[in-house]
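*Asks:*
There are 2 protein chains.
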Amino acid sequence: MPDTHTAPKPAPKSEGRVARRQRRNRAALIAAAREIMAEKGVDAATMLEIAERADVGAGTVYNYFKSKDELAVAVLESLMHELAMRIETVTDTFGDPAQVYAFGIRTVLDTATTDPRWKQMLPRSEVIADALFRTMGPFAIRDLNNAVAAGRFRVTDPALVWRLTCHAIIGMSLAITEGRQEADSKVPIIARLLCMAGIDGEGADELAARSLPDLPPAPVERN
Amino acid sequence: MPDTHTAPKPAPKSEGRVARRQRRNRAALIAAAREIMAEKGVDAATMLEIAERADVGAGTVYNYFKSKDELAVAVLESLMHELAMRIETVTDTFGDPAQVYAFGIRTVLDTATTDPRWKQMLPRSEVIADALFRTMGPFAIRDLNNAVAAGRFRVTDPALVWRLTCHAIIGMSLAITEGRQEADSKVPIIARLLCMAGIDGEGADELAARSLPDLPPAPVERN
DNA sequence: GCAATAAAATGAATGTTCGTCAACTTTGAG
DNA sequence: CTCAAAGTTGACGAACATTCATTTTATTGC
Numbered sequence: 001m002p003d004t005h006t007a008p009k010p011a012p013k014s015e016g017r018v019a020r021r022q023r024r025n026r027a028a029l030i031a032a033a034r035e036i037m038a039e040k041g042v043d044a045a046t047m048l049e050i051a052e053r054a055d056v057g058a059g060t061v062y063n064y065f066k067s068k069d070e071l072a073v074a075v076l077e078s079l080m081h082e083l084a085m086r087i088e089t090v091t092d093t094f095g096d097p098a099q100v101y102a103f104g105i106r107t108v109l110d111t112a113t114t115d116p117r118w119k120q121m122l123p124r125s126e127v128i129a130d131a132l133f134r135t136m137g138p139f140a141i142r143d144l145n146n147a148v149a150a151g152r153f154r155v156t157d158p159a160l161v162w163r164l165t166c167h168a169i170i171g172m173s174l175a176i177t178e179g180r181q182e183a184d185s186k187v188p189i190i191a192r193l194l195c196m197a198g199i200d201g202e203g204a205d206e207l208a209a210r211s212l213p214d215l216p217p218a219p220v221e222r223n
Numbered sequence: 001m002p003d004t005h006t007a008p009k010p011a012p013k014s015e016g017r018v019a020r021r022q023r024r025n026r027a028a029l030i031a032a033a034r035e036i037m038a039e040k041g042v043d044a045a046t047m048l049e050i051a052e053r054a055d056v057g058a059g060t061v062y063n064y065f066k067s068k069d070e071l072a073v074a075v076l077e078s079l080m081h082e083l084a085m086r087i088e089t090v091t092d093t094f095g096d097p098a099q100v101y102a103f104g105i106r107t108v109l110d111t112a113t114t115d116p117r118w119k120q121m122l123p124r125s126e127v128i129a130d131a132l133f134r135t136m137g138p139f140a141i142r143d144l145n146n147a148v149a150a151g152r153f154r155v156t157d158p159a160l161v162w163r164l165t166c167h168a169i170i171g172m173s174l175a176i177t178e179g180r181q182e183a184d185s186k187v188p189i190i191a192r193l194l195c196m197a198g199i200d201g202e203g204a205d206e207l208a209a210r211s212l213p214d215l216p217p218a219p220v221e222r223n
């Protein structure tokens, strides 16, 4: 009698213990991966060590992330989301929309070359650039559009400009951290990237040279 | 009697068998790696298979290249050097020095997104971008300087602009081959990259839209 | 409560690959 | 011809991502 009256898909009444544990595990895994990857770099961080620090079995990681790369992407996205939030709290006081965009890319460049959690990810340039494009894209594209509306920039395809900028920022960050590019060339780098947004050379130089307000401190790591 | 009259460093009279074999081995290894990496990608190409196709023992590869990465870089450099040579044969007929630069970056973008030997390397963005910077840098920087002298571009640090351009080109090439970026956005990509060289938007658009002469065919693979 | 069932966690085993090394071969000067 | 230095070899060790059969945990109908 296969026609028993068992509910085939029991409506998930409210959040059960499973869902709570899953959220804890996912967060713990990302936090552990973040720490270990920041300490030793993406490649040197082994899945076993990450699993141990998150206090789960080695195989469990694969219930949450299909591969090590996918886990690394999740880590990156969490870092970037956090940075985007911190940037937001500062830029909404700016009068010049072009400066909002300039501050954003300048901050990403500074963070990528300074924060060890970012630095250790840089060798995976293509992954990090793509994550940057996706995660901070909505903010950056909005800022570009604002600056265009204000007559400061000239851009027909903001997504294209943003993608070009992402690859350039990450590539230059890696070059700087590896010493192939002088660290004090950050201002000219920003100026040239602003040129891609359709501002002339003098305007770009001036914008890139403006002094920057401080970011709010990063939220403390939760244990 | 340590003072025997043995020449401590016997002047290499002429090229001996060792030197000849070494040149053959190095060339064979690069050729084999080129083929296999083009077929299967850098990661999927195993050192053993490369050694076998080059007809040397597995350990011998490490007499010539410290690591798999170093071998991959050598392959890239050979590809890029070849492309630079082919570009040279075309551009020296151009009247406008800005067009020489534009043609160069356009050709690199086209080749990277089209030639399977390049395409398979793209996932190693950071390596390929750096190789591009080094290998084609002398040409690109010379072209930039010429265009500046002709009043077409405005650049204070050509190496910086070239490095930014390298990372952007390679990143966009990968995005195109993976379908994350439409392939028909190549012209606007080039236009935006030209903006970084200090030309205004209209000039960049016009330069990027010019039709391109064909390259001479690639030299045939030697067996 | 209590089975019955489904979902998730586990960790030992697997398969792969890079790079090393001790033994072996080739080279070429004396 | 002799022999030491240079070059080659392929088997091997270590490391690591991923898999999967088994065990543990949670949920639900009764």
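Residue numbers (full-length UniProt numbering), protein chains in the order written: chain E, 1 to 223; chain S, 1 to 223. Even for Gly, the Cβ is constructed at its ideal location relative to N, Cα and C.
Suppose the cutoff is 6 Å on Cβ atoms and the five residues either side in sequence are ignored; what does the same chain contact list for Gly137/S look like?
*Replies:* As a working mapping, residue 137/S is identified with position 137 in the second sequence. These residues qualify, in order along the chain: Trp162.
*Asks:* What does a CB cutoff of less than 8 Å around Ile199/S pick up in its chain, not counting 5 residues either side in sequence?
*Replies:* For the purposes of this step, residue 199/S is identified with residue 199 of the second sequence, where counting begins at 1. For Ile199/S, where only same-chain residues beyond five positions count, the Cβ hits under 8 Å are Ala98, Arg152, Phe153, Arg154 and Leu207.
*Asks:* So within the segment 146-184 of chain E, which uninterrupted alpha helix (DSSP H) runs reach at least 4 residues, ignoring any that extend past its ends?
*Replies:* 158-177, all fully within the segment 146-184 of chain E.
*Asks:* Do we get a CB-CB distance below 9 Å when we pair Pro97/E with the residues of chain S?
*Replies:* Taking the first sequence and counting its residues from 1, one reaches residue 97/E at position 97. Cβ-Cβ to chain S under 9 Å: no for Pro97/E.
*Asks:* Straight-line CA distance for Ala175/S to Gln181/S?
*Replies:* For the purposes of this step, residue 175/S is identified with residue 175 of the second sequence, where counting begins at 1. For the purposes of this step, residue 181/S is identified with residue 181 of the second sequence, where counting begins at 1. Their backbone Cα atoms lie some 5 Å apart in a straight line.
*Asks:* Considering only their Cβ atoms, is the gap separating Ile190/S from Ile105/S smaller than 9 Å?
*Replies:* Here residue 105/S refers to the residue found at position 105 when the second sequence is read from its first residue. Here residue 190/S refers to the residue found at position 190 when the second sequence is read from its first residue. Closer than 9 Å, so yes.
*Asks:* From Phe133/S to Ala84/E, what does the alpha carbon distance come to, in whole angstroms?
*Replies:* Start at 1 with the first residue of the second sequence, and residue 133/S comes out as number 133. Start at 1 with the first residue of the first sequence, and residue 84/E comes out as number 84. Answer to the nearest angstrom: the Cα atoms are 30 Å apart.
*Asks:* Measuring only the C-alpha atoms, how far is Ala112/E from Ala27/E?
*Replies:* Start at 1 with the first residue of the first sequence, and residue 112/E comes out as number 112. Start at 1 with the first residue of the first sequence, and residue 27/E comes out as number 27. Their Cα atoms are separated by approximately 23 Å.
*Asks:* Would you check if the distance between the CB atom of residue 226/S and the CB atom of Met196/S is smaller than 9 Å?
*Replies:* Nothing can be reported for residue 226/S: it is not among the residues displayed for chain S, which extend from 1 to 223.
*Asks:* Count the other C-beta atoms from every protein chain shown that fall within 10 angstroms of the C-beta of Lys66/E, then say buried if there are 16 or more, exposed otherwise.
*Replies:* Position 66 of the first sequence holds residue 66/E. It is exposed - the Cβ of Lys66/E has fewer than 16 other Cβ atoms within 10 Å.
*Asks:* Note the first and the last residue of the continuous alpha helix (DSSP H) segment covering Phe103/S.
*Replies:* Against the second sequence, residue 103/S aligns to sequence position 103. From DSSP, the alpha helix (DSSP H) with Phe103/S extends over Pro97 to Thr114.
*Asks:* For Met47/S versus Leu76/S, is the C-beta spacing smaller than 9 Å?
*Replies:* Translated into positions along the second sequence, residue 47/S becomes position 47. Translated into positions along the second sequence, residue 76/S becomes position 76. For Met47/S and Leu76/S, no; Cβs fall outside 9 Å.
*Asks:* How many angstroms separate the CA atom of Arg210/S from the CA atom of Pro158/E?
*Replies:* For the purposes of this step, residue 210/S is taken as residue 210 along the second sequence, with counting starting at 1. For the purposes of this step, residue 158/E is taken as residue 158 along the first sequence, with counting starting at 1. So the alpha carbons of these two residues sit roughly 23 Å apart.
*Asks:* What residues from the segment 116-141 of chain E come within 7 Å of chain S, judged by C-beta to C-beta, listed N to C?
*Replies:* Those would be Pro123, Ser125, Glu126 and Ala129, in chain order.
*Asks:* If contact means a Cβ-Cβ distance below 8 Å, which residues of the segment 173-185 of chain E contact chain S?
*Replies:* Correct list: Leu174, Ala175, Arg180, Gln181 and Ser185.
*Asks:* Using a beta-carbon distance below 9 Å, is Asp200/E in contact with chain S?
*Replies:* On the first sequence, position 200 is the one that residue 200/E refers to. Taking Cβ atoms only, chain S reaches closer than 9 Å to Asp200/E, which makes this a yes.
*Asks:* Check this for me: beta carbons of Ser78/E and Arg124/E, under 9 Å apart or not?
*Replies:* Taking the first sequence and counting its residues from 1, the one referred to as residue 78/E is at position 78. Taking the first sequence and counting its residues from 1, the one referred to as residue 124/E is at position 124. Not in contact: Ser78/E and Arg124/E (Cβ atoms no closer than 9 Å).
*Asks:* Which chain E residues sit within Cβ distance under 8 Å of Ile190/S?
*Replies:* The residue labelled residue 190/S in the question sits at position 190 within the second sequence. Going along chain E, no residue has its Cβ under 8 Å from Ile190/S, so there is no contact; the nearest lies around 11 Å.
*Asks:* Just to confirm my understanding: we take Arg20/E, look at its own chain, exclude 5 residues before and 5 after, and list those with CB closer than 6 Å. What are they?
*Replies:* Your numbering for residue 20/E matches position 20 in the first sequence. Answer for Arg20/E: no residue qualifies.
*Asks:* List, in order along the chain, the chain S residues whose C-beta lies closer than 8 Å to that of Asp157/E?
*Replies:* As a first step, residue 157/E is located in the first sequence; it is residue number 157 there, counting from the start. Going along chain S in sequence order, the residues near Asp157/E (Cβ under 8 Å) are Ser185 and Pro188.
*Asks:* Within 9 Å (strictly less), CB to CB, does Gly57/S reach chain E?
*Replies:* The residue labelled residue 57/S in the question sits at position 57 within the second sequence. It does not; no Cβ of chain E falls within 9 Å.
*Asks:* Shorter than 9 Å from the beta carbon of Leu83/E to some beta carbon of chain S?
*Replies:* Mapped onto the first sequence, residue 83/E falls at position 83. By this cut-off, Leu83/E is not an interface position.
*Asks:* Quick check on Ala168/E - is its C-beta less than 9 Å from some C-beta in chain S?
*Replies:* Position 168 of the first sequence, counted from the first residue, corresponds to residue 168/E. Interface residue, yes.
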